[in-house]
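Trainee: With positions in the sequence shown counted from 1, the corresponding number in the numbering used here is that position plus 5.
Can you read through this structure? Questions will come right after.
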Amino acid sequence: MEYTSTRNKNVTVSAAQAIVQGISEDGGLFVPKSIPSISLDDINEMTKLDYIGRAKKILAMYLTDFTADELDYCVGGAYKKGKFSSDDVAPVVTLEGNANVLELWRGPTCAFKDMALQLLPYLLTTAASKTVKGKTIVILVATSGDTGKAALEGFKDVPDTKMVVFYPQDGVSPMQKLQMMTQEGANVSVCAIEGNFDDAQSGVKKIFTDKEIAEKLANNNMMFSSANSINWGRLVPQIVYYISAYCDLLKQGKIKLGDKMNVVVPTGNFGNILAAYYAKKMGLPIDKLVCASNKNNVLTDFLTTGEYNRNREFYTTASPSMDILISSNLERLLFFMTDGNDKLVKEWMESLAKDGCYKVSDEVFKKISAEFKAGFCDDEKTKETINAMFKAHKYLCDTHTAVAVNTYFDYKAKSGDDKVTVIASTANPYKFSADVLQAVNEGEKTTADEFSVVEELHKATNEPVPAQLANLQSKQVRFKDVCQKEQMIDQVFKMLGI
Ligand SMILES: *Cc1c(COP(=O)(O)O)cnc(C)c1O
6 MEYTSTRNKN VTVSAAQAIV QGISEDGGLF VPKSIPSISL DDINEMTKLD YIGRAKKILA
66 MYLTDFTADE LDYCVGGAYK KGKFSSDDVA PVVTLEGNAN VLELWRGPTC AFKDMALQLL
126 PYLLTTAASK TVKGKTIVIL VATSGDTGKA ALEGFKDVPD TKMVVFYPQD GVSPMQKLQM
186 MTQEGANVSV CAIEGNFDDA QSGVKKIFTD KEIAEKLANN NMMFSSANSI NWGRLVPQIV
246 YYISAYCDLL KQGKIKLGDK MNVVVPTGNF GNILAAYYAK KMGLPIDKLV CASNKNNVLT
306 DFLTTGEYNR NREFYTTASP SMDILISSNL ERLLFFMTDG NDKLVKEWME SLAKDGCYKV
366 SDEVFKKISA EFKAGFCDDE KTKETINAMF KAHKYLCDTH TAVAVNTYFD YKAKSGDDKV
426 TVIASTANPY KFSADVLQAV NEGEKTTADE FSVVEELHKA TNEPVPAQLA NLQSKQVRFK
486 DVCQKEQMID QVFKMLGI
């Protein structure tokens, strides 16, 4: 399996190279040149396997330059028993009727990012040993809250790696901030920036593609890589859980082999939903992919009009991990939907960088809208949904999941499509305690300190508090730096001591 760049089809790299490099030199994203296929028989066989078994089968199709032993080591280590609070790793539970929730937040940092970021350090170090042995890999992360913590936890004290994480100072929840500020590990560092997530992401992308900076690192036997979902190594583990969810629905008797399901995903950078799209293209019986956004609904507009326009107000919402106006992974979808037209994708991305917008042709738009549906909701609707789901089913959703649940009901009502559906649940509710508590209580948002809120939410709902969040209370704060976006590179050099 070879990979190419969305902005230059002359590029050919192996999976290991794509993962180590993170992003192509031309600024494009790495994509597989072809998508492997699975048959219904394959799916049937996979229902007999556990999550690790399923993951190995699927990853082997994409990471063809990894040996079976290497994949055993990587996958076995990432999803080892005890790391996730469910033996199923990513369990599927019924919400009501044909609506099912795929719980992706049972990992060490209580967000779905763990599904990929527990595996990525294994993939990256294995890939590095094949391609750039002896070099220190410097991982830069821009985070809207959850990626940062999940990446730090995945990479802490991993030999020959260093990590610097940037997050928007006022753009993450108090629990997310605390998770990052108290991070352990001698090879990691965290810094807040004065700006929003898009500023952090653009800053990191700029550092990545700066030739002079790359040279300086090379002179110190270092190189950059990325743990953001622009890295193929972040995306490929996410394909697994959609296939696994289908297997689980089969096992639970909710569908028959070959039946189609819909998938609803709360979306920010378009990584999670893109993984579902890859699963569909592999042959997984998925009908509609429903993209759910919060008030930053640039994707809802794109998927319903074909015009992407980021020139709009940026809102800080109760679902901060989706407060994004530049959804990087859409670039991969555009490449696919234009049958690999690298020139066109490059043009659109340049127009996005320069003017903040682009519009796809009617033909491309038709193809996209045949598979993708979209919806959004604001904070008020999000909280109403949390309240309603808790009242009706004693199911406590976090704010991001609630955006997807709301969009699901909206979609179902408008379309009449009541197919068996998997709604991706992306975080544990205690990561966003104040908003979730307000939703449950139908009151004012509390200003009490984070751990009293956690306690109160627990009293109100009886939902177990994950130990890794409760324990933060007694942890020492290590990282308090705040910098301007222009100073990000200085922070990186300082951390690396170069
Ligand atoms: C990152 C994140 C999302 C958005 O996922 P994308 O892959 O960026 O679309 C949604 N919910 C939560 C809780 C997240 O952490």
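Heads up, the beta-carbon is just placed ideally off N, CA and C, and yes, glycines get one too.
By the 10 Å Cβ neighbour count, where 16 or more other Cβ atoms means buried, how is Lys351 classified, buried or exposed?
Mentor: As a working mapping, residue 351 is identified with position 346 in the sequence shown. The residue in question, Lys351, is buried, as its Cβ has 16 or more Cβ neighbours within 10 Å.
Trainee: Whole angstroms is fine: what's the gap from Asp55's alpha carbon to Glu75's?
Mentor: Locating residue 55 in the sequence shown gives position 50, where the first residue counts as 1. Locating residue 75 in the sequence shown gives position 70, where the first residue counts as 1. Computed Cα separation, rounded: 18 angstroms.
Trainee: Counting only the same chain and skipping the five closest in sequence on each side, list residues whose C-beta sits under 8 angstroms from that of Leu330.
Mentor: On the sequence shown, position 325 is the one that residue 330 refers to. Only Asp203, Asn301, Val303, Arg315, Arg317 and Phe319 meet the Cβ criterion.
Trainee: Is Ser332 near ligand 1, going by C-beta to nearest heavy atom under 8 angstroms?
Mentor: Reading the sequence shown from its first residue, position 327 is the one you call residue 332. Yes; taking the cut-off as 8 angstroms, the Cβ of Ser332 has a heavy atom of ligand 1 nearer than that.
Trainee: Kindly examine ligand 1 and report whether one of its heavy atoms sits closer than 8 angstroms to the Cβ of Pro242.
Mentor: Locating residue 242 in the sequence shown gives position 237, counting from the first residue. Answer for Pro242: no, Cβ out of range of ligand 1.
Trainee: Assign Asn15 to one of two classes, buried (16 or more other C-beta atoms within 10 Å of its C-beta) or exposed (fewer than that).
Mentor: To locate residue 15, count along the sequence shown from 1; it is residue 10. Classification of Asn15: exposed, given that the 10 Å Cβ count is below 16.
Trainee: Determine the direct distance from the alpha carbon of Lys135 to that of Glu385, and round the result to whole angstroms.
Mentor: Taking the sequence shown and counting its residues from 1, the one referred to as residue 385 is at position 380. Taking the sequence shown and counting its residues from 1, the one referred to as residue 135 is at position 130. Looking at the two C-alpha atoms, the distance is approximately 50 angstroms.
Trainee: According to the neighbour-count rule (16 or more other Cβ atoms, all chains shown, within 10 Å of its Cβ), is Pro126 buried or exposed?
Mentor: Working through the sequence shown from its first residue, we reach residue 126 at position 121. That one is buried.
Trainee: Tell me which same chain residues have a C-beta within less than 8 angstroms of the C-beta of Met394, skipping the five on either side of it?
Mentor: If you number the sequence shown from 1, residue 394 lands on position 389. The answer, listed in chain order, is Leu100, Tyr400, Leu401, Cys402, Ala407 and Val410.
Trainee: Excluding the 5 residues preceding and the 5 following Gly81 in the sequence, name in chain order all residues of the same chain whose CB lies nearer than 7 angstroms to its CB.
Mentor: Working through the sequence shown from its first residue, we reach residue 81 at position 76. Closer than 7 angstroms at the Cβ level, and outside the excluded window around Gly81, lie Ile57.
Trainee: Less than 8 angstroms between the CB atoms is what I'm expecting for Thr387 and Thr404, so what's the real figure, rounded?
Mentor: Position 382 of the sequence shown, counted from the start, is the residue given in the question as residue 387. Position 399 of the sequence shown, counted from the start, is the residue given in the question as residue 404. Confirmed, about 5 angstroms.
Trainee: Between Thr9, Ala147, Ala397 and Gly273, which lies nearest to Thr431 when the distance is taken from Cα to Cα?
Mentor: For this step, residue 431 is matched to residue 426 along the sequence shown. Thr431 has its Cα closest to that of Gly273, out of Thr9, Ala147, Ala397 and Gly273.
Trainee: What residue range is occupied by the uninterrupted alpha helix (DSSP H) comprising Ile212?
Mentor: Numbered from 1 along the sequence shown, position 207 holds the residue referred to as residue 212. Phe202 to Phe213 is the extent of the alpha helix (DSSP H) around Ile212.
Trainee: Counting pairs of beta carbons, one from the segment 15-35 and one from the segment 333-348, are three or more of them closer than 8 angstroms?
Mentor: With a cut-off of 8 angstroms, the segment 333-348 and the segment 15-35 count as touching, because enough Cβ pairs lie within range.
Trainee: What does the Cβ neighbour count give for Phe498, buried or exposed, with the cut at 16 atoms within 10 Å?
Mentor: By 1-based counting over the sequence shown, the position of residue 498 is 493. Classification of Phe498: exposed, given that the 10 Å Cβ count is below 16.
Trainee: Could you round the C-beta distance between Leu172 and Met180 to whole angstroms and report it? I think they count as a contact, below 8 angstroms.
Mentor: Taking the first residue of the sequence shown as position 1, residue 172 is located at position 167. Taking the first residue of the sequence shown as position 1, residue 180 is located at position 175. In the sequence on display, residue 172 carries Tyr and not Leu. Contact doesn't hold; Cβ gap of about 13 angstroms is too wide.
Trainee: Please list, in chain order, all residues of the same chain as Val193 whose beta carbon is under 6 angstroms from its beta carbon, the five residues on each side excluded.
Mentor: The residue given as residue 193 occupies position 188 in the sequence shown. Leu157, Lys161 and Met168, listed in sequence order.
Trainee: Identify every residue that forms a DSSP beta bridge with Pro37.
Mentor: Here the question's residue 37 lines up with position 32 in the sequence shown. DSSP output for Pro37 lists Tyr8 as bridge partner(s).
Trainee: Could you check which residue in Gln489, Ile260 and Gln174 has the C-alpha nearest to that of Lys424?
Mentor: As a first step, residue 424 is located in the sequence shown; it is residue number 419 there, counting from the start. The candidate whose alpha carbon is nearest that of Lys424 is Ile260.
Trainee: CB of Asp403 to nearest heavy atom of ligand 1: below 8 angstroms?
Mentor: The residue you call residue 403 lines up with position 398 of the sequence shown. Result yes, Cβ under 8 angstroms from ligand 1.
Trainee: What first and last residue would you give for the alpha helix (DSSP H) that runs through Asn49?
Mentor: Position 44 of the sequence shown, counted from the start, is the residue given in the question as residue 49. Where Asn49 is concerned, the enclosing alpha helix (DSSP H) stretches over Leu45 to Thr52.
Trainee: In chain order, which continuous runs of the beta strand (DSSP E) of length 3 or greater are located wholly inside the segment 294-352?
Mentor: Listed in chain order, they are 312-314.
Trainee: Kindly examine ligand 1 and report whether one of its heavy atoms sits closer than 8 angstroms to the Cβ of Ser44.
Mentor: Mapped onto the sequence shown, residue 44 falls at position 39. Answer for Ser44: no, Cβ out of range of ligand 1.
Trainee: Would you say the beta carbon of Met327 comes nearer than 8 angstroms to a heavy atom of ligand 1?
Mentor: Locating residue 327 in the sequence shown gives position 322, where the first residue counts as 1. Because some heavy atom of ligand 1 lies under 8 angstroms away, the Cβ of Met327 counts as near it: yes.
Trainee: When DSSP labels each residue in this structure, what does Cys382 get in the three-state scheme?
Mentor: Taking the first residue of the sequence shown as 1, we reach residue 382 at position 377. Coil.
Trainee: At a cut-off of 8 angstroms, is Trp353 close to ligand 1 when judged by its beta-carbon and the heavy atoms of the ligand?
Mentor: One-based indexing of the sequence shown puts residue 353 at position 348. Not under cutoff, so the answer is no.
Trainee: For Ile503, is the classification buried or exposed, using 16 other Cβ atoms within 10 angstroms of its Cβ as the cut-off for buried?
Mentor: On the sequence shown, position 498 is the one that residue 503 refers to. With fewer than 16 Cβ atoms within 10 Å of its Cβ, Ile503 is classed as exposed.
Trainee: Tell me which residues share the same chain as Phe437 and place their Cβ nearer than 6 angstroms to its Cβ, disregarding the 5 neighbours each side in the sequence.
Mentor: For the purposes of this step, residue 437 is identified with residue 432 of the sequence shown, where counting begins at 1. The residues are Ser178, Asp403 and Thr404.
Trainee: Using a threshold of 9 angstroms, state whether the C-beta atoms of Val268 and Ile24 are closer than that.
Mentor: Your numbering for residue 268 matches position 263 in the sequence shown. Your numbering for residue 24 matches position 19 in the sequence shown. No, the Cβ-Cβ distance between Val268 and Ile24 is not below 9 angstroms.
Trainee: Could you check the C-alpha separation between Gly380 and Lys221 for me, to the nearest Å?
Mentor: As a position in the sequence shown, residue 380 is number 375, starting the count at 1. As a position in the sequence shown, residue 221 is number 216, starting the count at 1. Approximately 45 angstroms, taken between the alpha carbons.
Trainee: Is there at least one non-hydrogen atom of ligand 1 closer than 8 angstroms to the beta-carbon of Val441?
Mentor: Residue mapping note: residue 441 aligns to position 436 of the sequence shown, counting from 1. Val441: no, Cβ never under 8 angstroms from ligand 1.
Trainee: Excluding sequence positions up to five away, which residues of its chain have a Cβ less than 6 angstroms from the Cβ of Lys140?
Mentor: As a position in the sequence shown, residue 140 is number 135, starting the count at 1. So the qualifying residues of the chain are Asn226 and Met228.
Trainee: Report the rounded CA-to-CA distance for Ala191 versus Met500, giving the unit in angstroms.
Mentor: The residue you call residue 191 lines up with position 186 of the sequence shown. The residue you call residue 500 lines up with position 495 of the sequence shown. Rounded to whole angstroms, Ala191 to Met500 spans 11 angstroms at the Cα level.
Trainee: At which residues does the beta strand (DSSP E) containing Phe229 begin and terminate?
Mentor: Within the sequence shown, numbered from 1, the residue matching residue 229 stands at position 224. Element bounds for Phe229: Met227 to Ser231.
Trainee: Among Glu468, Ser207 and Val482, which has the Cα closest to the Cα of Ile235?
Mentor: Locating residue 235 in the sequence shown gives position 230, where the first residue counts as 1. Measuring from the Cα of Ile235, the nearest candidate turns out to be Ser207.
Trainee: State the CB to CB distance for the pair Phe456 and Gln188, rounded to an integer number of angstroms; the pair is presumed to be in contact (CB under 8 angstroms).
Mentor: Walking along the sequence shown from the start, residue 456 turns up at place 451. Walking along the sequence shown from the start, residue 188 turns up at place 183. No, Phe456 and Gln188 are not in contact; Cβ-Cβ is about 18 angstroms, not under 8 angstroms.
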